[in-house]
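Have a look at the structure below before the remarks.
Residue numbers (this note's numbering): 82 to 594.
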């Protein structure tokens, strides 16, 4: 795994001893040899090459179990009562506290306990679950045995049983992955030139060079995002950036709110939570830059101005970085979507993160939010130095319930940015890279008022969320679909959707007419 546990081995041993009453004594397991990560990765790549996405349902029981053993052994299990069909189409209507759903959950838990007890004496049901779930019909359990996988996947009570924390490239070194997963670069950018990289606008703010390509200044004459709340699912918001704190209301930005929450669970070791409880503070920098691109104030301090500079904002720290390859990140993202879904004040959800393989638990959460009427934007994908571009649009931007966004260059709207992914699932594009210099849009740095710059499909997604807030603010009685149709019909490629770049660039001025 790519993250380094901060506790010492001694502390981990002490913790495990403290959990002695719930942990069990192991018996020698009767399991086969583990399929290598290389073979698993080859299978995933081939599935994506031929089908454009990867579902764990296509893998054998042995492969699912092997992937589980080579990650953190946490299994995501979606359940249902035996007489319930098409659950995924109506997740927003389901109450998992009702008797039939509680009974189904208990039956599935019994299956797991029966099979796991074959190699762990004295095992108790409460020791199986890693995290609790209060909204979705899913359990996160620690599983050791292949027989458990077989029994679950054979049961008509089980919708899916998937390893949460296995991803191709997860065997890469921690340092290599952490250093290229969208973190650590959100410091101010030196040498920015007024009139080229930004425009000075009243009262004393900086408008990014790319806003003109989407006629955002024209939209500002009619709307500024007031009254619309945008929910960002990302790596948090930096406490030291006052423009996302005490100075969120300044200059032309006033009367709005910002909230910072955390849905990322604590780290786990052998299925047990360890370390400190996570906070909303952005240890990565990515979430701060995304929130800034969408909602930074049009202020008096000379900092970058966001697209919807009067919108309300919620930023959830749902992940430690941009590549969602940890079980706890899947849980954190899923909980963020259900949190946003259950808030009547949230209109737009934006996430500039993703993964290569699918996650049915994340799909459940997104479908739940869709059922609650949320308008969602997700990054189509950005390649890092350790990840080859053998895949197109990444998960969950592949889902039909979200709008996948990628970035294009300023000299040719048919050319995606140097690191951006695209494909048939793409819905919108945003101009975010200068062909001549490689310059990216400006946004808030982690600290101070001097802007940073940020690229990839990430900033394209945050920009699109900001445009959606402008449209919804202009037409507050609109439904999600009406806002989306406004954006589609105001895009550069409408009425013909491109096979890999969607509807093209949204004209924000036209969309708010």
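Note that CB positions come from ideal geometry on N, CA and C, so glycine has one too.
| Query | Result |
| --- | --- |
| Cα separation between residue 174 and residue 431? | 23 Å |
| Residues bridged to residue 387 by DSSP? | Paired residue(s): none; residue 387 is not in a bridge. |
| Excluding the five sequence neighbours on either side, which residues of its own chain have a C-beta within less than 8 Å of the C-beta of residue 490, listed in chain order? | 496, 497, 498, 512, 514, 515, 516 |
| To which residues of the same chain is residue 443 closer than 7 Å at the C-beta, ignoring the five residues directly before and after it? | 411, 414, 415, 477 |
| So if DSSP puts residue 435 in a beta bridge, which residue, or which two residues, is it bridged to? | 404 |
| Could you tell me if residue 166 is buried or exposed, where buried requires 16 or more neighbouring beta carbons within 10 angstroms of its beta carbon? | exposed |
| Report all residues from its chain with a CB closer than 6 Å to the CB of residue 92; omit the five preceding and five following residues, and keep chain order. | With a pLDDT of 40 at residue 92, under the threshold of 50, the modelled position of that residue is not reliable, and the figure given next carries that caveat. Excluding positions up to five away in sequence, the list is empty. |
| Please go through the same chain and pick out, in chain order, the residues whose beta-carbon is closer than 6 Å to the beta-carbon of residue 169, but skip the five residues on each side of it. | 448 |
| Round the Cβ separation of residue 309 and residue 533 to the nearest angstrom and send it over; I've been treating them as touching at under 8 Å. | Actually they are not in contact, since the Cβ atoms of residue 309 and residue 533 sit about 25 Å apart, beyond 8 Å. |
| In whole angstroms, give me the CA-to-CA distance for residue 35 and residue 523. | With the chain running from 82 to 594 in the structure shown, residue 35 is simply not present. |
| Quick one: what's got a C-beta closer than 6 Å to residue 282's C-beta in the same chain, skipping five residues either side? | 288 |
| Let me know if residue 131 comes out buried or exposed under the rule of 16 or more other beta-carbons within 10 Å of its beta-carbon. | exposed |
| Taking a contact to mean a Cβ-Cβ separation below 7 Å, would you say residue 370 touches residue 535 in this structure? | yes |
| Apply the 10 Å Cβ neighbour rule to residue 408 and answer buried if 16 or more other Cβ atoms are within range, or exposed otherwise. | buried |
| Looking only at its chain, what residues have a beta carbon closer than 6 Å to the beta carbon of residue 578, apart from the 5 residues adjacent to it on each side? | 584 |
| Between which two residues does the beta strand (DSSP E) harbouring residue 287 extend? | 286-289 |
| Taking DSSP as the reference, what is the three-state secondary structure of residue 500? | coil |
| What's the gap between the Cα of residue 593 and the Cα of residue 292? | 15 Å |
| Which residue wins for smallest C-alpha separation from residue 418, given the options 392, 294, 315? | 315 |
| Using only alpha-carbon positions, find the residue among 453, 400, 280, 556 that is nearest to residue 422. | 453 |
| Applying the criterion that 16 or more other CB atoms from any shown protein chain within 10 Å of the CB defines a buried residue, is residue 187 buried or exposed? | exposed |
| Could you check the C-alpha separation between residue 133 and residue 445 for me, to the nearest Å? | 20 Å |
| Using CA coordinates, which residue listed in 480, 359, 158 is at the minimum distance from residue 220? | 158 |
| Counting C-beta neighbours from all protein chains within 10 Å, is the total for residue 106 16 or more, i.e. buried, or is it exposed? | Only weak support exists for where residue 106 lies, its pLDDT of 47 falling under 50; the coordinates are left without a value. |
| Do you know whose CA, among 508, 492, 285, 142, lies nearest residue 518's CA? | 492 |
| Do residue 382 and residue 590 count as a contact pair if the criterion is CB distance below 7 Å? | no |
| Buried or exposed for residue 277, going by 16 or more other Cβ atoms inside 10 Å? | exposed |
| Quick check: residue 324 and residue 275, are their CB atoms within less than 7 Å of each other? | no |
| Here's a check: name, in chain order, each residue in its chain whose Cβ is nearer than 6 Å to the Cβ of residue 574, leaving out the five neighbours to either side. | 584, 585 |
| On the DSSP letters alone, give me the boundaries of the beta strand (DSSP E) that residue 394 sits inside. | 393-398 |
| So residue 197 is in the alpha helix (DSSP H); what residue range does that whole segment cover? | 180-197 |
| Could you tell me the alpha carbon to alpha carbon distance between residue 201 and residue 328, rounded to whole angstroms? | 55 Å |
| Could you pull the start and end residues of the alpha helix (DSSP H) that residue 132 belongs to? | 118-132 |
| Specify whether the region 111-120 and the region 201-211 touch according to this definition: at least 3 beta carbon pairs, one from each stretch, less than 8 Å apart. | no |
| Distance, Cα to Cα, residue 441 vs residue 525? | 34 Å |
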